[in-house]
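*Asks:* The structure's right below; bear with me while I get my questions together.
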Amino acid sequence: MADVSTNAALVPLRLDPILTPAIWGGESLVRLYGKRGEPNERIGESWECWEGSRVADGPLAGNTISSLRTSLGARLMGDLDVDRVFPILTKFIDARDWLSVQVHPTDAYARRVEHQPFGKTECWFVLHAEPNAEIVLGWTRDTSREEYERRVADGTLGELLRRVPVRTGDAFYLPSGTLHAIGPGIVVYETQQTSDLTYRIFDWNRLGSDGKPRELHVAKAADVLNYRAGSMGALKTIAYTWQGCSRTALISDENFTVERFALASGGTTTLLTDGRPAIVTALADTIEIAHASGSLRLPPYQSALIPAELDSITISSIDSTAFLCIVPTIPGRLAARIHQAGAPDAAIADFLAQFSAAQ
Numbered sequence: 017m018a019d020v021s022t023n024a025a026l027v028p029l030r031l032d033p034i035l036t037p038a039i040w041g042g043e044s045l046v047r048l049y050g051k052r053g054e055p056n057e058r059i060g061e062s063w064e065c066w067e068g069s070r071v072a073d074g075p076l077a078g079n080t081i082s083s084l085r086t087s088l089g090a091r092l093m094g095d096l097d098v099d100r101v102f103p104i105l106t107k108f109i110d111a112r113d114w115l116s117v118q119v120h121p122t123d124a125y126a127r128r129v130e131h132q133p134f135g136k137t138e139c140w141f142v143l144h145a146e147p148n149a150e151i152v153l154g155w156t157r158d159t160s161r162e163e164y165e166r167r168v169a170d171g172t173l174g175e176l177l178r179r180v181p182v183r184t185g186d187a188f189y190l191p192s193g194t195l196h197a198i199g200p201g202i203v204v205y206e207t208q209q210t211s212d213l214t215y216r217i218f219d220w221n222r223l224g225s226d227g228k229p230r231e232l233h234v235a236k237a238a239d240v241l242n243y244r245a246g247s248m249g250a251l252k253t254i255a256y257t258w259q260g261c262s263r264t265a266l267i268s269d270e271n272f273t274v275e276r277f278a279l280a281s282g283g284t285t286t287l288l289t290d291g292r293p294a295i296v297t298a299l300a301d302t303i304e305i306a307h308a309s310g311s312l313r314l315p316p317y318q319s320a321l322i323p324a325e326l327d328s329i330t331i332s333s334i335d336s337t338a339f340l341c342i343v344p345t346i347p348g349r350l351a352a353r354i355h356q357a358g359a360p361d362a363a364i365a366d367f368l369a370q371f372s373a374a375q
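First residue of the sequence shown: 17, per the numbering used here; consecutive thereafter.
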């Protein structure tokens with residue numbers, strides 16, 4: 017593991033992903049998205065950037081984000097609390113079969129019951145969806161804890177599951193407490209709070225790799241579920257042009273802001289960190305990230321962490337492509353930028369209302 021010098025200039029950090037097998041996973045992450053792994057193994061997730069991610073190369077190779085957070089402090093984290101875990105986790109998810117019907121707790125419940133700092137609000141950007149693909153997202157009507165517990169016991173919970181069609185390019189927002197499940201034939205890029213707290217409610221009557229049913233968490237799920245009827249579908253995103261680049265704001269709540277950048281062939285754009293770390297994930301083609309000390313080539317579907325100390329970076333591509341940028345939300349910053357780009361205030365308000373209304 018490379019030594020950390022507190023005086024050396026920081027650079028964008030390409031991260032080594034971690035693959036996790038799953039009974040519902042597929043082969044796409046290895047075969048189509050370039051992840052290193054056994055092509056016939058059922059891989060469910062590729063964890064791209066999180067507290068335990070290791071730097072893949074360069075002067076800080078082998079260090080985890082956790083260790084760099086401690087040694088570099090504000091140089092990496094900016095105005096975020098350096099004594100708390102890195103607040104965002106990003107991953108690719110490949111669903112060849114249904115994921116379990118599940119729910120995640122709020123921050124307050126996670127601290128009180130699980131003694132962990134974060135619950136789990138998350139969002140999905142759909143990279144691929146086969147025809148007729150769908151997800152479970154909330155209830156078909158208002159229900160109650162009593163009805164939920166009764167239907168779990170008698171096996172009729174499926175009658176209340178709200179199924180929503182999914183298309184490539186859709187974005188979905190899932191605040192903590194939302195009943196949900198990803199269906200077969202879907203690949204998503206997930207951004208979430210740093211938490212692995214998942215309460216499974218129903219697992220489609222299947223067996224785990226050990227030949228036994230996977231553990232369910234019916235009682236804890238009952239504590240945290242939102243029992244109001246679901247109304248959210250694919251989000252209404254907002255597109256604008258900034259720094260010579262077509263950008264689409266996908267999600268922006270109190271935890272994270274996710275944007276998609278589209279570069280034309282030979283295109284270049286400047287990304288300002290605004291004093292906080294940023295996660296950049298290349299999509300279909302390689303991008304180049306230039307900074308004061310050099311540059312980094314980021315292959316398709318690979319991710320890099322941009323330290324807060326780097327005030328700005330320049331991102332370019334040879335071919336037309338897109339990339340995602342995820343940052344811890346700075347209140348008001350996205351709205352001000354979109355307003356300055358010329359979007360109507362009403363459109364900005366409608367976009368942001370999707371996240372406040374979902375709470």
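Even glycine gets a Cβ: it sits at the ideal position worked out from N, Cα and C.
I need the boundaries of the beta strand (DSSP E) containing Val-129, first residue and last residue.
*Replies:* It is not in any beta strand (DSSP E) - Val-129 carries neither H nor E in the DSSP assignment.
*Asks:* Going along the chain, which residues of its own chain have a beta-carbon closer than 6 Å to the beta-carbon of Glu-325, five neighbours each way excluded?
*Replies:* Cβ within range, chain order: Leu-26 and Arg-91.
*Asks:* Less than 7 Å between the C-beta atoms of Cys-65 and Ile-346, yes or no?
*Replies:* No. Outside cutoff.
*Asks:* Could you check the C-alpha separation between Val-101 and Asp-95 for me, to the nearest Å?
*Replies:* About 14 Å.
*Asks:* Quick one: what does DSSP say Thr-36 is sitting in, helix, strand or coil?
*Replies:* Note: Thr-36 maps to strand in three-state DSSP.
*Asks:* Please give the ranges of any beta strand (DSSP E) in the region 146-208, keeping only runs that are unbroken, at least 3 residues long and fully inside the region.
*Replies:* Whole beta strand (DSSP E) segments, 3+ residues: 150-155, 177-181, 187-190 and 196-198.
*Asks:* Hey, could you find the ends of the beta strand (DSSP E) Gln-118 is sitting in?
*Replies:* Its beta strand (DSSP E) spans residues 117-119.
*Asks:* Taking one C-beta from the region 202-218 and one from the region 136-154 each time, how about it: are there three or more such pairs within less than 8 Å?
*Replies:* These segments touch.
*Asks:* Using a threshold of 7 Å, state whether the C-beta atoms of Pro-200 and Asp-73 are closer than that.
*Replies:* Not closer than 7 Å, so no.
*Asks:* What's the C-alpha gap between Ser-62 and Leu-173?
*Replies:* Roughly 30 Å between the two C-alpha positions.
*Asks:* Closer than 8 Å is the cut-off here; do at least three beta carbon pairs connect the region 266-283 with the region 340-360?
*Replies:* They touch, by the three-pair rule.
*Asks:* Can you list, in chain order, the residues of its chain whose CB lies under 6 Å from that of Ala-306, leaving out five sequence neighbours each side?
*Replies:* Taken in chain order, the residues that qualify are Thr-330.
*Asks:* Work out the CA separation of Ile-322 and Leu-312 for me, nearest whole Å.
*Replies:* Approximately 11 Å between the Cα atoms of the pair.
*Asks:* For the structure I just gave you, are there three or more beta carbon pairs, one from the region 144-162 and one from the region 236-247, closer than 8 Å?
*Replies:* At 8 Å Cβ cutoff, the stretches touch.
*Asks:* Shortest alpha-carbon distance to Val-152 belongs to which of Gly-135, Leu-176, Gln-132 and Glu-163?
*Replies:* When only C-alpha atoms are compared, the closest one is Leu-176.
*Asks:* Going by DSSP, what residue range makes up the alpha helix (DSSP H) through Lys-236?
*Replies:* Lys-236 -> alpha helix (DSSP H) spans 234-240.
*Asks:* Report the start-end ranges of each beta strand (DSSP E) in the region 205-230 that is 3 residues or longer and not cut off at the edges.
*Replies:* Qualifying beta strand (DSSP E) stretches, in chain order: 215-218.
*Asks:* Between which two residues does the alpha helix (DSSP H) harbouring Arg-85 extend?
*Replies:* Run containing Arg-85: 81-88, per the alpha helix (DSSP H) assignment.
*Asks:* Within a Cβ cutoff of 6 Å, which residues of the same chain sit near Ser-328, ignoring the five residues on either side of it in sequence?
*Replies:* The residues are Thr-286 and Leu-288.
*Asks:* What does the Cβ neighbour count give for Leu-350, buried or exposed, with the cut at 16 atoms within 10 Å?
*Replies:* Its Cβ being crowded by 16 or more others within 10 Å, Leu-350 is buried.
*Asks:* So Ala-351 is in the alpha helix (DSSP H); what residue range does that whole segment cover?
*Replies:* Residues 349-356.
*Asks:* Check for me: the beta strand (DSSP E) holding Leu-105 runs from which residue to which?
*Replies:* It spans 104-111 - the beta strand (DSSP E) in which Leu-105 sits, taken as one unbroken run.
*Asks:* Short check: CB of Leu-314 to CB of Ala-298, under 7 Å?
*Replies:* In this structure, Ala-298 lies closer than 7 Å to Leu-314 by Cβ.
*Asks:* Please list, in chain order, all residues of the same chain as Gly-291 whose beta carbon is under 6 Å from its beta carbon, the five residues on each side excluded.
*Replies:* These residues qualify, in order along the chain: Gly-94, Asp-95 and Ala-324.
*Asks:* Looking at Glu-146: is its Cβ nearer than 7 Å to the Cβ of Pro-181?
*Replies:* Result no, Cβ atoms of Glu-146 and Pro-181 do not sit closer than 7 Å.
*Asks:* Return the first residue and the last residue of the alpha helix (DSSP H) that Arg-313 is part of.
*Replies:* Arg-313 -> not in any alpha helix (DSSP H); beta strand (DSSP E) instead, spanning 310-314.
*Asks:* Would you mind stating whether Leu-143 and Ala-197 have Cβ atoms separated by less than 7 Å?
*Replies:* Their beta carbons are not under 7 Å apart, which means Leu-143 does not touch Ala-197 by this criterion.
*Asks:* Name the residue from Ser-372, Gly-348, Arg-183 and Pro-316 whose alpha carbon lies nearest to the alpha carbon of Gly-31.
*Replies:* Residue 31 is actually Leu in this sequence, not Gly. The residue with the shortest Cα to Cα distance from Leu-31 is Pro-316.
*Asks:* Grab the span of the alpha helix (DSSP H) containing Leu-48 for me, first residue to last.
*Replies:* Unbroken run through Leu-48: none, as it is neither H nor E.
*Asks:* Run through DSSP, which three-state label would Ile-254 get?
*Replies:* If DSSP states are grouped into helix, strand and coil, Ile-254 belongs with the strands.
*Asks:* Could you tell me the boundaries of the beta strand (DSSP E) in which Ser-62 lies?
*Replies:* 59-65 is the span of the beta strand (DSSP E), which, as asked, contains Ser-62.
*Asks:* Three-state secondary structure (DSSP) at Ala-278?
*Replies:* Ala-278 falls in the strand class under three-state DSSP.
*Asks:* Helix, strand or coil for Ala-363 per DSSP?
*Replies:* Three-state DSSP puts Ala-363 in a helix.
*Asks:* Looking only at its own chain, which residues have a Cβ that is under 7 Å from the Cβ of Glu-67, when we skip the five neighbours before and after it?
*Replies:* Excluding positions up to five away in sequence, the list reads Ile-81, Ser-82, Val-101, Phe-102 and Thr-210.
*Asks:* Quick one: what's got a C-beta closer than 7 Å to Phe-218's C-beta in the same chain, skipping five residues either side?
*Replies:* The answer, listed in chain order, is Ser-116, Val-117 and Leu-173.
*Asks:* Taking 7 Å as the threshold (C-beta atoms), are Thr-257 and Ser-332 in contact?
*Replies:* Taking 7 Å as the Cβ cut-off, Ser-332 and Thr-257 do not qualify as a contacting pair.
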